[in-house]
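Just remember that the working numbering sits 40 ahead of the position in the sequence shown, which is counted from 1.
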Amino acid sequence: MRRLFSVIFSVVILFAIYAAVFGMPDRVTSALNLETAEAQGDQAAAAGPAAGGRPGGGGRPGGGSRATTVVTTPLELQPFEVVLNALGTAVALRSADVVSDTAGEVTQVNLSANTTVAAGDVLVQLDARTQTLDLEIAQAQLDQANETVARYDRLRASGNSTVTDVTLSDARIAQRLAEANVGLAQVALDDRTLRAPIAGKLGLSDIEVGDQLSANDVVVTIDNDEALLVEFELPERAIGILQDVQTVVASTPSFTGRNFEGEVVSFDSRLDDVTRSVTVKARIDNASRELWPGMTFAVRILQESDPLPAVPATAITWSRAGSSVWIDADGKAEQVAVTILYRRDSTVWIDADIAAGTAVISEGAQKLRAGAAITTPDAVRSGPKDGAAKEGGPRVGADASAQTAPAGDPT
């Protein structure tokens, strides 16, 4: 007997917990409402008209189970904005190091810092006396070789047999060697003059007249800063949007509050093995020359998707089947499976077969079941006024007596 009592008590406790969490089952609620309605009807019939009861008994108009009060939000279509932030360093669009090809003493310097130069301008002149003399010697040898070949040609043309084919061939070979020596001497002389390889702005240099330069010494740097290239790293998840994104927004601490637009010009074809990031380069126009190479930039990439269904995060419910939302289908709860695409703050972007403007239940969906009757707080507040308007007629009790008493009746 005690065991049977324990089993019954356990069943009652489980049923109470189930009702508290998931609500009362529809059949039980309907049965309770029906019994309550019948009891109220019997009481009203026993009380009779004197008690002020209305024909038809009490209970909720229309009978049935009680509707669950929920809060709904219209489904909106909103684009989702992907924002990627990174830090990068700027370099000049084109830059070059002016390097000495040979050793020598500096005799002339044109290396004023921050001076704009054109391609080919003379920057440094080395002592070239030896190379100048070498060029003169090579030129004299070439003149002699040219004269020899010309004399042999005249003799052959006059019919002189003393100039053989071998002699003429040797003379022409000597002529070609002399021409090559002139070219080498000219190259050696040109190497004594260091010229700007590109147009741009000179950097700082400490070369002075009288200094001795060695071969491969860096003399000065030149930056063509009409545009800058900002190099930065993006995480692996950015790979999917790099093909579509062309514009970036960059800012630098040197100009607080200002943004500079740039264009993505290239990115690496593989991820870094250590950082798992991809290197990206963006070009920023710098016609005003106010931005300098070497500046640090905070780069922001924006990508806006097509309009997608967006709902409050509280509208998402979970079950073994996955995520879903509840919608108001003509006063009945209907569950629709959804796929979550993005989430930000209190908004969730989803992929679902739901039309824009559909009332999505954002609060109170935890206790709903498919087909359950639902109502909103606005409908609950407006219900009594509508009922009073529809009911009409005289009120019961003293008010009804006052309305039906003839004018001048002493009672």
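Backbone N, C-alpha and C define an ideal beta-carbon position, used for all residues, glycine too.
If you measure between the beta carbons of residue i and residue j, is that distance less than 9 Å?
i             : j                 : result
leucine 331   : alanine 130       : yes
threonine 109 : alanine 399       : no
alanine 132   : leucine 182       : no
valine 339    : alanine 322       : yes
leucine 173   : tyrosine 192      : no
valine 285    : isoleucine 341    : yes
serine 135    : threonine 261     : yes
leucine 224   : threonine 155     : no
glycine 405   : alanine 377       : The sequence given here places alanine at residue 405; glycine does not occur at that position. It is not a contact, given that the beta carbons lie outside the stated cut-off.
aspartate 265 : proline 333       : yes
leucine 408   : phenylalanine 120 : no
serine 254    : alanine 143       : yes
valine 51     : glutamine 343     : no
Leaving out the 5 sequence neighbours to the left and right, which residues in its chain are closer than 7 Å to residue i when beta-carbon positions are compared?
i             : result
threonine 292 : Met335, Thr336, Phe337
arginine 235  : Gly160, Asp161, Val162, Leu163
alanine 126   : Phe272, Glu273, Leu274, Val339
glycine 88    : With a pLDDT of 45 at glycine 88, under the threshold of 50, the predicted position of this residue should be treated as unreliable, though the coordinate-derived value follows. Excluding positions up to five away in sequence, the list is empty.
leucine 244   : Ala153
glutamate 303 : Gln286, Thr287, Ala322, Arg323
alanine 90    : Reliability of the predicted coordinates at alanine 90 is poor, the pLDDT of 40 falling under 50, and the value obtained from them is presented with this limitation in mind. Contacts found: none.
alanine 361   : Ala377
serine 294    : Met335
Which two residues bound the contiguous beta strand (DSSP E) that contains residue i?
i              : result
glutamine 165  : 162–166
glutamate 219  : Glutamate 219 -> not in any beta strand (DSSP E); alpha helix (DSSP H) instead, spanning 205–230.
glycine 240    : 240–242
tryptophan 262 : With the sequence shown as reference, residue 262 is identified as isoleucine, and tryptophan is not the correct amino acid for it. Segment 258–275, the beta strand (DSSP E) holding isoleucine 262.
leucine 117    : 116–118
valine 139     : 121–139
alanine 350    : 348–352
serine 306     : 300–307
leucine 151    : Per DSSP, leucine 151 belongs to no beta strand (DSSP E) and is neither H nor E.
glutamine 343  : 336–344
tryptophan 389 : 387–391
glutamate 330  : No beta strand (DSSP E) holds glutamate 330; DSSP gives it neither H nor E.
Can you list, in chain order, the residues of its chain with a C-beta nearer than 6 Å to that of residue i? Leave out the 5 residues immediately preceding and following it.
i                : result
phenylalanine 55 : none
alanine 228      : Gln171
arginine 42      : none
isoleucine 57    : none
glutamine 148    : Gln165
glycine 128      : Val270, Glu271, Phe272, Phe337, Val339
alanine 214      : Ala185
alanine 85       : Caution applies to alanine 85, whose pLDDT of 45 falls short of 50 and renders its modelled position unreliable; the value that the coordinates give is listed next. Excluding residues within five positions, none has a Cβ falling inside 6 Å.
alanine 168      : Leu229, Arg232
alanine 396      : Leu115, Leu117
proline 95       : For proline 95, the predicted structure reports a pLDDT of 41, less than 50, and the residue's modelled location is therefore unreliable. A value from the coordinates is still provided. Counting only Cβ-Cβ distances below 6 Å, and skipping sequence neighbours, we find nothing.
alanine 355      : Val365, Val400, Ser402
aspartate 391    : Thr379, Leu381
So residue i is in the alpha helix (DSSP H); what residue range does that whole segment cover?
i              : result
arginine 191   : 169–197
leucine 408    : Run containing leucine 408: none; DSSP gives neither H nor E here.
isoleucine 452 : Nothing in the structure corresponds to residue 452, since the chain is present only between 41 and 451.
Of the residues the options, which one's Cα is nearest the Cα of residue i?
i              : options                        : result
threonine 170  : Ser317, Gly397, Glu145         : Glu145
leucine 311    : Glu273, Ser328, Gln184, Lys321 : Glu273
tryptophan 118 : Ser345, Gly280, Asp368         : The displayed chain sequence assigns glutamine, not tryptophan, to residue 118. Here the closest residue by C-alpha is Ser345.
aspartate 370  : Ile341, Ile401, Val260         : Ile401
alanine 153    : Ile213, Leu253, Val259         : Val259
isoleucine 367 : Glu403, Gln343, Leu342         : Glu403
valine 189     : Ile177, Arg216, Asp167, Asp393 : Arg216
alanine 290    : Ile247, Ile356, Ile324, Gln179 : Ile324
isoleucine 394 : Val51, Phe45, Pro114, Ser46    : Pro114
valine 138     : Val51, Gln226, Asp257          : Asp257
alanine 327    : Ala267, Ser359, Glu276, Trp358 : Ala267
glutamate 276  : Gly297, Ala143, Ser294, Val320 : Val320
alanine 220    : Thr415, Val123, Leu175, Phe295 : Leu175
alanine 410    : Val52, Phe45, Ala107, Ser201   : Ala107
Taking residue i and residue j to be in contact with their CB atoms under 8 Å, please state how far apart those CB atoms are, rounded to whole angstroms.
i             : j                 : result
glycine 240   : aspartate 263     : 5 Å
threonine 379 : alanine 353       : Rounded, the Cβ-Cβ distance is 15 Å, inconsistent with contact.
proline 282   : phenylalanine 300 : Just to set this straight, residue 282 is leucine in the shown sequence, not proline. So it is not a contact: roughly 20 Å between Cβ atoms.
valine 318    : isoleucine 279    : 6 Å
glutamine 375 : serine 363        : With 8 Å as the limit, glutamine 375 and serine 363 do not qualify as a contact, their Cβ atoms being about 11 Å apart.
valine 222    : glutamine 179     : 6 Å
Please return the same chain residues whose Cβ sits closer than 8 Å to the Cβ of residue i, not counting the five positions on each side in sequence.
i                : result
phenylalanine 49 : none
proline 417      : Thr109, Val111
arginine 196     : Val203, Leu208
alanine 158      : Ala236, Ala239
leucine 151      : Leu163, Val164, Leu242, Ser245, Ile247, Val259, Val260
lysine 430       : Per-residue confidence for lysine 430 stands at a pLDDT of 42, beneath the threshold of 50, marking its modelled position as unreliable; the derived number appears in the next sentence. No residues qualify anywhere along the chain.
valine 305       : Leu269, Lys321, Ala322, Arg323
Within 8 Å: the Cβ of residue i and any heavy atom of the ligand FMN?
i          : result
valine 227 : Ligands are entirely absent from the displayed structure, and the ligand FMN is therefore not among its contents.
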